[in-house]
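A.B. asks: This is the structure I have questions about; it appears just below.
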Amino acid sequence: MSIDEKNIDALNFEDALAELERVVRSLEEGKSPLEEAIHSYERGILLKKHCEKKLNEATLKVEKILMTPEGTFSIEQKELSEI
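With the numbering used here, the residue at position 18 of the sequence shown is 63, and numbering never jumps.
So, in C-alpha cells, the structure goes:
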C-alpha cells in the first residue's frame with residue numbers, strides 16, 4: 046500500500062469527496078504540468094474507490110437482513126437516522 050493509499054484510507058467520506066472534487070476541478074482547468082496532472086489523476090482514482098467503499102459500507106449498515114418465520118430472508122431498509 047502506497048503512502049497515498051494510507052492517507053486516503055484515513056479520510057472520512059466527506060473529506061475524501063471534497064478532495065476528489067478539488068482534484069477534478071484542477072484537472073478540468075488543465076493548468077497543471079503533465080507529471081502533476083498524472084499524479085492528481087491517480088490520486089483521484091484512489092479517492093473515487095475510497096468514496097465508493099465508504100458508500101457501500103454505509104449501505105450495509107442501513108440494510109438489515111431478517112429471517113422470516115417461514116425461513117426465508119428479507120432485507121429491511123433503515124434510514125440513517127434510525128441507526
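The beta-carbon is built from N, C-alpha and C at its ideal position, and this holds for glycine as well. The model shown is predicted, which means the values in this text are computed figures rather than measured ones.
Looking at Leu65: is its Cβ nearer than 8 Å to the Cβ of Tyr86?
C.D. replies: Counted from its first residue, the sequence shown places residue 65 at position 20. Counted from its first residue, the sequence shown places residue 86 at position 41. Contact flag unset, no.
A.B. asks: Taking Lys51 as part of the alpha helix (DSSP H), name the residues at either end of that continuous run.
C.D. replies: What you label residue 51 is simply residue 6 of the sequence shown in a count that begins at 1. Lys51 -> alpha helix (DSSP H) spans 48-54.
A.B. asks: Residues in its own chain within less than 6 Å of His95 by CB, not counting five upstream and five downstream?
C.D. replies: On the sequence shown, residue 95 is found 50 positions in, with the first residue counted as 1. Closer than 6 Å at the Cβ level, and outside the excluded window around His95, lie Ile53, Ala61.
A.B. asks: Can you check whether the CB of Lys99 is closer than 8 Å to the CB of Phe58?
C.D. replies: Locating residue 58 in the sequence shown gives position 13, where the first residue counts as 1. Locating residue 99 in the sequence shown gives position 54, where the first residue counts as 1. Between Phe58 and Lys99, the CB-CB gap stays under 8 Å.
A.B. asks: Quick check on this structure: which residue in Glu102, Leu91, Gly75, Pro114 has the alpha carbon closest to the alpha carbon of Ser47?
C.D. replies: As a working note, residue 47 is residue 2 in the sequence shown. Ranking the options by Cα distance to Ser47, first place goes to Leu91.
A.B. asks: For the alpha helix (DSSP H) that Glu115 lies in, which residues bound it at each end?
C.D. replies: Along the sequence shown, read from residue 1 onward, the residue named residue 115 stands at position 70. It is not in any alpha helix (DSSP H) - Glu115 carries neither H nor E in the DSSP assignment.
A.B. asks: Keeping to the same chain, check which residues put their C-beta closer than 7 Å to that of Ala82; ignore five residues upstream and five downstream.
C.D. replies: Looking up residue 82 in the sequence shown gives position 37. Around Ala82, the same chain offers Leu72 as residues with beta carbons nearer than 7 Å, after the five sequence neighbours per side are excluded.
A.B. asks: Sorted by chain position, which residues of the same chain lie with C-beta nearer than 7 Å to Val68's C-beta, five sequence neighbours on each side aside?
C.D. replies: Residue mapping note: residue 68 aligns to position 23 of the sequence shown, counting from 1. Residues of the same chain with a CB within less than 7 Å of the CB of Val68, apart from the 5 flanking positions on each side, are Ser85, Arg88, Gly89, Leu92 in chain order.
A.B. asks: So the alpha helix (DSSP H) Ser71 belongs to, where does it begin and stop?
C.D. replies: Within the sequence shown, the letter at position 26 stands for residue 71. Segment 58-74, the alpha helix (DSSP H) holding Ser71.
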